[in-house]
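Taking this note's numbering, I'd label the letters of the sequence shown as residues 121 to 708. Where a beta carbon is used, it is the ideal one built from N, C-alpha and C, also for glycine. Note sheet for the following structure.
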Amino acid sequence: MSLSKKNKLLFGLLIFLAVNLLIIGITLGVRMGHNGEDFSTALVFLVRVVYLDNYLRQNPLLLGSLVLVGYLVLGRGGREAILGALKTAIGVFLLGIGAATLVRLAAPVFGAIGDIKSGGVVPLDPYLGWTSAENFLQTSFGQANNFLTLASFTFIAAFIVNILMVLAKRFTNTNSIVITGHIMLQQSTVVTALLYMILFRSIPLLDDGAISAGSQVGLVLISGLFLGIYWATSSVATLKITNLVTQNAGFAVGHQQMLTLFTSYKMGRFFGNKEHSAENRKLPQSLKIFEDNIFTQTIIMLFLFAILFAIIIGYHGLENTVNDTYSGFTGKAEKIGATWNGSYSGANFVLIILGGVLQIIASLIAIMTGVRMFVTELQQSFHGISEKVIPGAVVAVDIAATYGFSINAVTYGFLGGVFGQFLAVFIAVGLAAIPGNNYSLVAIPLFITLFFNSGAMGVYANASGGWKAAFIVPAIIGFFEIIVISFGLKLVQNIADVGIPVLQNEAGVPVLQNPVTTGFLGMGDWNLFFGLSLIIGQFHYVLGWIIIFVGMIGLILLGQGVDSTKQTKKTWLQKLLKVNVDLVQKEA
């Protein structure tokens, strides 16, 4: 770093310190001098109102500030730092706009399905899961209590844990840093919300419905520790196998299915021969259309909502759900009509369904656009900081970076996943129809889940077992994913304790709140491994703590047992398990 950059950094930090001292001085002076409050009361106001309510609980400001500080640390200058902070804040607002539209349209439909004694339906999609968890943290604890920024603090804590584990790679055998910002934020939000349900449900809420300060701190710490260990160890598990897939490109994967990719590669050799690669086979041109994100999402969403509306109308009757002119939803579907009738106002209800689905697709595009805006800035900021702290660390990037190396395998994996997961969906529908069933629901995978989860598994299974494995492995894993998470999500929805928020619906009936009402992350690691943790943890909070700590220990042992491709000698666990490791020469 040049002297001028050091001066810029020092100047920026001095300004930051001066502004905060000014805020502290003015606040304490006014509260104590003008209002006559004692020091402790004025200090509580400073922390709770000035810093928490006006800054730390405002997600756009918090994330924008992180980028601002990160760019200043990197010596990018004030202009770039301010521009990056603005883009981040605007991107977060755009995400919120898309998420609000998505929840507004999806919630009444899934609510109506839930009322039909069917166990309910939850779509599996990382953006729907993200917005569902956000909605829980933001609105479930009463209008005056917004805990969404807890997810941002989890994000920061987890990133620090990831860096610390890489700094300690001599002991942890981890040397990859996850920098896929949108994935990190999705997981931070969902994990924060679900670990609250599993671990902190027995701690009573405050009189105003808020989470106690101690629970907030504990939740952020355990969520950050769990996620940081997961990022560090699971990403390093993908490093060697990703080099095999990408001809030694030198990066790891930081996504939603890192453990599942490792499992897929290990399973692949049992179902085929890697010499018979999917890349040596020609795919029909007609299948190429499914590589288009918007087209496939629209088709799957239309299919999903057509079924949901058919169930609602079939259960209540056309005369009780659609008005006399067939131009809108009313009666038993009045809540749906309040948000859907305006999509194609005055048109036939079939066109209204089409218009509503297209609005949902538009909201997803708005979410992804907003995410790209602030994730680009966050990634540059955090990647730059990690490079300064740990030069030479391997970065873990989006799974899409591997797709160009095995595009046919992606399609085989996608098709295998569709087969296996929808076979499981049909079984889940049958289970949900059992009278008195209150232990499972119907989890339905959407495009992103199928393409970036099953497609990714196809790439890694192909690397060890060829085209047969690229189809079979995603089908097998996908099948068990749906079965496990269909039980896991319903059991989480059933959790009732003194720490679980309750809100009254429009009929005045108290309803338990949960973070998976309108969606879940829906990819391999979260459906299968985390899903099993949810099933065990929902029985009792003590079991929840046990399974989370066992999971963290298991992840640390995984990091010890895999080839990180950067080792000069084997770890004790590699020696014990006789793991083959490509050792590198120690630098002189």
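task = Compute the beta-carbon to beta-carbon distance between A576 and G628, rounded to the nearest angstrom, for a pair I have assumed lies under 8 Å.
result = Within the sequence shown, numbered from 1, the residue matching residue 576 stands at position 456. Within the sequence shown, numbered from 1, the residue matching residue 628 stands at position 508. Their Cβ separation, rounded to whole angstroms, is 46 Å, which puts A576 and G628 out of contact at 8 Å.
Per-residue burial, P635 [other beta carbons within 10 Å of its own, 16 or more giving buried] = As a position in the sequence shown, residue 635 is number 515, starting the count at 1. So P635 ends up on the buried side.
key: Cα-Cα separation between Q417 and A220, rounded to whole angstroms   = Taking the sequence shown and counting its residues from 1, the one referred to as residue 417 is at position 297. Taking the sequence shown and counting its residues from 1, the one referred to as residue 220 is at position 100. Straight-line Cα distance between these residues: approximately 19 Å.
query = Distance, Cα to Cα, L182 vs V286?
reply = For this step, residue 182 is matched to residue 62 along the sequence shown. For this step, residue 286 is matched to residue 166 along the sequence shown. Going by the C-alpha atoms only, they are around 26 Å apart.
query = Of the choices L484, W460, V470, whose alpha-carbon is the least far from that of G476?
reply = Walking along the sequence shown from the start, residue 476 turns up at place 356. Cα-wise, what sits closest to G476 is W460.
request  = Output yes if chain D places a C-beta closer than 8 Å to the C-beta of G301; else output no.
outcome  = The displayed structure is made up of one protein chain only, and chain D is not part of it.
task = Starting from V356, trace the alpha helix (DSSP H) both ways and give me its first and last residue.
result = In the sequence shown, the residue the question calls residue 356 occupies position 236. 333 to 357 is the span of the alpha helix (DSSP H), which, as asked, contains V356.
inquiry  = For the structure I just gave you, are there three or more beta carbon pairs, one from the region 251 to 266 and one from the region 305 to 320, closer than 8 Å?
reply    = yes
For G490 and Y435, the rounded distance between their alpha carbons = Residue numbering aside, residue 435 sits at position 315 when the sequence shown is read from its first letter. Residue numbering aside, residue 490 sits at position 370 when the sequence shown is read from its first letter. Their backbone Cα atoms lie some 38 Å apart in a straight line.
query = Over what stretch of residues does the alpha helix (DSSP H) that includes S252 continue unbroken?
reply = Your numbering for residue 252 matches position 132 in the sequence shown. Counting along the chain, the alpha helix (DSSP H) containing S252 begins and ends at 246 to 259.
query = In terms of residue numbering, what span does the beta strand (DSSP E) encompassing P630 cover?
reply = Counting from 1 along the sequence shown, the entry for residue 630 is found at position 510. 630 to 632 is the extent of the beta strand (DSSP E) around P630.
ask   = Should the region 644 to 651 be called in touch with the region 601 to 610, which here means at least 3 C-beta pairs below 8 Å?
value = yes
ask   = So, do the region 329 to 344 and the region 358 to 378 have three or more beta carbon pairs nearer to each other than 8 Å?
value = no
key: Reference I527, options N558, S574, I487, closest by Cα   = The sequence position of residue 527 within the sequence shown is 407, counting from 1. Answer by Cα proximity: S574.
request  = Kindly list the residues whose CB is nearer than 8 Å to the CB of F449, restricted to its own chain and excluding five residues on each side of it in sequence; keep chain order.
outcome  = Translated into positions along the sequence shown, residue 449 becomes position 329. Cβ neighbours of F449 beyond the five flanking positions: T441, V442, N443, I456, G457, W460, N461, F469, I472.
task = Could you name the residues of the same chain whose beta carbon sits closer than 7 Å to that of D101, not counting the 5 residues immediately before and after it, in chain order?
result = Because the chain in this structure spans residues 121 to 708, residue 101 falls outside the shown range and cannot be described.
query = Does the Cβ-Cβ distance between I303 and G374 come in under 8 Å?
reply = As a first step, residue 303 is located in the sequence shown; it is residue number 183 there, counting from the start. As a first step, residue 374 is located in the sequence shown; it is residue number 254 there, counting from the start. Contact: yes.
query = In terms of residue numbering, what span does the beta strand (DSSP E) encompassing A733 cover?
reply = It is not possible to answer for residue 733, since the shown part of the chain is limited to 121 through 708.
ask   = Since S260 and A513 are thought to touch, with beta carbons under 8 Å apart, how far apart are those beta carbons, to the nearest angstrom?
value = As a working note, residue 260 is residue 140 in the sequence shown. As a working note, residue 513 is residue 393 in the sequence shown. Incorrect: roughly 38 Å between the Cβ atoms, too far for contact.
ask   = Between the beta-carbon of V515 and the beta-carbon of I280, is there less than 8 Å?
value = Position 395 of the sequence shown, counted from the start, is the residue given in the question as residue 515. Position 160 of the sequence shown, counted from the start, is the residue given in the question as residue 280. No, they are not a contact pair.
Limits of the alpha helix (DSSP H) - the one that A548 falls within = For the purposes of this step, residue 548 is taken as the residue at position 428 of the sequence shown. Segment 527 to 552, the alpha helix (DSSP H) holding A548.
request  = Go through its chain and collect everything with a Cβ distance to V530's Cβ below 7 Å, but skip five positions before and after it.
outcome  = Numbered from 1 along the sequence shown, position 410 holds the residue referred to as residue 530. Once the five neighbours on either side are set aside, the close Cβ partners of V530 are Y523, G575, G578, V579.
request  = Give, in chain order, every unbroken run of the beta strand (DSSP E) that is at least 3 residues long and sits entirely within the region 588 to 655.
outcome  = 622 to 624, 630 to 632
Distance between Y191 and F267 (C-alpha atoms, nearest Å) = For the purposes of this step, residue 267 is identified with residue 147 of the sequence shown, where counting begins at 1. For the purposes of this step, residue 191 is identified with residue 71 of the sequence shown, where counting begins at 1. The alpha-carbon atoms of F267 and Y191 are separated by roughly 27 Å.
key: Whole-angstrom distance between I656 and L484, CA atom to CA atom   = Your numbering for residue 484 matches position 364 in the sequence shown. Your numbering for residue 656 matches position 536 in the sequence shown. Rounded to whole angstroms, L484 to I656 spans 32 Å at the Cα level.
message = Whole angstroms are fine: how far does the CA of L347 sit from the CA of G270?
response = Locating residue 270 in the sequence shown gives position 150, counting from the first residue. Locating residue 347 in the sequence shown gives position 227, counting from the first residue. The sequence given here has Leu at residue 270, not Gly. Near 14 Å, if we compare the C-alpha coordinates of L347 and L270.
ask   = V701 by DSSP, collapsed to three states: which one?
value = On the sequence shown, residue 701 is found 581 positions in, with the first residue counted as 1. Residue state, collapsed to three classes: coil.
query = If you draw a straight line from the alpha carbon of S122 to that of Q541, how long is it in whole angstroms?
reply = On the sequence shown, residue 122 is found 2 positions in, with the first residue counted as 1. On the sequence shown, residue 541 is found 421 positions in, with the first residue counted as 1. With a pLDDT of 49 at S122, under the threshold of 50, the modelled position of this residue cannot be trusted; read the value that follows with caution. The alpha-carbon atoms of S122 and Q541 are separated by roughly 55 Å.
key: Cα-Cα separation between A369 and F572, rounded to whole angstroms   = The residue you call residue 369 lines up with position 249 of the sequence shown. The residue you call residue 572 lines up with position 452 of the sequence shown. A369 and F572: Cα-Cα distance of roughly 20 Å.
key: Bridge partner(s) assigned by DSSP for A467   = Within the sequence shown, numbered from 1, the residue matching residue 467 stands at position 347. The partner list for A467 (beta bridge, DSSP) is empty, contrary to what the question assumes.
ask   = Should A372 and T353 be called a contact, given that it needs their Cβ atoms to be closer than 8 Å?
value = By 1-based counting over the sequence shown, the position of residue 372 is 252. By 1-based counting over the sequence shown, the position of residue 353 is 233. No.
inquiry  = Less than 8 Å between the C-beta atoms of G218 and Q306, yes or no?
reply    = As a position in the sequence shown, residue 218 is number 98, starting the count at 1. As a position in the sequence shown, residue 306 is number 186, starting the count at 1. Not in contact: G218 and Q306 (Cβ atoms no closer than 8 Å).
ask   = Roughly how many angstroms separate the alpha carbons of G388 and L678, rounded to a whole number?
value = Translated into the one-based positions of the sequence shown, residue 388 becomes position 268. Translated into the one-based positions of the sequence shown, residue 678 becomes position 558. Going from the Cα of G388 to the Cα of L678 covers about 19 Å.
ask   = Is V193 helix, strand or coil when you go by DSSP?
value = Residue mapping note: residue 193 aligns to position 73 of the sequence shown, counting from 1. In this structure, V193 counts as helix in the three-state DSSP scheme.
query = Based on the DSSP secondary-structure assignment, which residues constitute the bridge partners of A563?
reply = Position 443 of the sequence shown holds residue 563. For A563, which the question treats as bridged, DSSP gives the partners V242.
request  = Provide the residue span of the beta strand (DSSP E) that contains I297, from first to last.
outcome  = For this step, residue 297 is matched to residue 177 along the sequence shown. Note, I297: beta strand (DSSP E), 296 to 298.
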